[in-house]
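Here this note's numbering runs 781 ahead of the position in the sequence shown, where the first position is 1.
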Amino acid sequence: LHHRQNKFSMASLTEDNAEVASLAPPVLSIIPHDFSYAKSSKAKELLQKWNLSPDLKTLRLRYEGRIRRDPESLLAAAKAVACDPVVCSALGVSPPEDSADVSVEALSCTVLNMNFFDALMEGDEVVTSTDMVRACMDETFDGLTIQDKLREMLVNPDSENCCIYTEAQKKEYIYHVLKLVVVGGAMCQSEERFVEWKEMTKALYKDTVSVVKSAKSGKIEVSSSAFHVDPWGSSPLFKKKSSHNKYYITLNPDTNVVNVVYKPFVPFW
């Protein structure tokens, strides 16, 4: 009887330790990485033109420990990354005193090619068949002056073109990357043609997601999970509140690689 009780106690102790370990903060280490989206001299010029440089920051990290693939565990892992002192230090912000102040929203991450953007050319309303971005009257949204229909569609919830993409498509990580790139900063200079924005979106997307060949179907699929941190741009992770603040995290449970994309909005005035 004593022997059986001892075995039971040891099993309970192991389970308790496992539970404590799962609640412990993750150990993250920065992996020096030269992201391809910003390598070329042309890319650097465009990032400055769109007022994304120098505020746009991208990090690659290693997540020590197992990342489970169930939605709750992935969400918890993403939130832990967002609140981690190593990450916050690299981004130049203070870690939040209470993680409850930081919200994290799961995004879809299924897009495998740039056909996703073909919808913008339907009807020639936003982007023409010759790749020209249609201009519009100047409008201001939360401190951002808009002069073209593509940026207007992305920041104005009441835009006449807001239905080009469904609500499900707007939850795709690549849609968020497009929005980050196209909206840019407060001093963003618009493009006459869509191709430059499209290529930068493609490069940043490819830099931050991984793909694998499915053992079951034999098809290529995205193996990363994507998350939008603080969708309203009002948490302590940003020095100033703005709906144009952007913060994304992608996790790959197969490799334990984490990518961070962070862009605070800095008003002109």
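Even glycine gets a Cβ: it sits at the ideal position worked out from N, Cα and C.
All of these numbers come straight from a predicted model, not from anything done at the bench.
Extent of the continuous beta strand (DSSP E) run through residue i
i, result
"residue 867", "Premise fails: residue 867 lies in the alpha helix (DSSP H), 866-872, not in any beta strand (DSSP E)."
DSSP state of residue i mapped onto helix, strand, coil
i, result
"residue 919", "strand"
"residue 880", "helix"
"residue 888", "strand"
"residue 903", "helix"
"residue 859", "helix"
"residue 896", "helix"
Neighbour flag for residue i against chain D, beta carbons, 7 Å
i, result
"residue 974", "The chain inventory of the structure shown lacks chain D, comprising one protein chain alone."
N- and C-terminal bounds of the alpha helix (DSSP H) containing residue i
i, result
"residue 933", "930-936"
DSSP bridge partner residues for residue i (one or two, in chain order)
i, result
"residue 908", "914"
"residue 927", "920"
"residue 953", "889"
Given residue i as reference, the closest of the options once Cα atoms are compared
i, options, result
"residue 968", "814, 807, 863, 836", "836"
"residue 907", "946, 875, 808", "946"
"residue 921", "901, 933, 1022, 1008", "933"
"residue 989", "876, 852, 890", "890"
"residue 878", "871, 896, 863", "863"
"residue 840", "853, 830, 872, 860", "872"
"residue 1006", "1026, 868, 1037", "1037"
"residue 818", "812, 866, 828", "828"
"residue 901", "869, 881, 943", "943"
"residue 812", "887, 1039, 1044", "1039"
"residue 852", "860, 870, 905", "860"
"residue 1029", "982, 1008, 996, 1023", "1008"
Practice task
Output the residue ranges of the beta strand (DSSP E) runs that lie fully inside the segment 803-856 and measure 3 residues or longer, sorted by chain position.
Solution key: 808-811, 838-845
Exercise for the section: Would you list, in sequence order, the uninterrupted alpha helix (DSSP H) runs of no fewer than 4 residues that lie entirely inside the segment 963-1048? Expected result: 976-989
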